[in-house]
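Numbering (this note's numbering), first residue to last: 204 to 247.
One structure below.
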């Protein structure tokens, strides 16, 4: 994960490009959701 703070937002690096987020926390949530989607659910 990488990114940087701008004057009023956060630029987060996602899949080869920068996307603008409201905050670093929003970026972290987005990355967490992407990671969960890529991880196969455990078989019951």
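Using N, Cα and C, we set each Cβ at its ideal position, and we do this for glycine too.
All figures in this text were calculated on a predicted structure; none of them were measured in a lab.
Per DSSP, the bridge partner or partners of residue i
i	result
residue 208	213
residue 221	216
Separation of residue j from residue i, as counted between CA atoms
i	j	result
residue 242	residue 214	25 angstroms
residue 232	residue 219	18 angstroms
residue 230	residue 236	10 angstroms
residue 228	residue 234	10 angstroms
residue 209	residue 221	12 angstroms
Cβ neighbours of residue i in the same chain (closer than 6 angstroms, five flanking residues each side left out)
i	result
residue 216	205 and 206
Contacting residues, own chain, Cβ-Cβ under 8 angstroms from residue i (five flanking each side not counted)
i	result
residue 212	223, 224, 225 and 226
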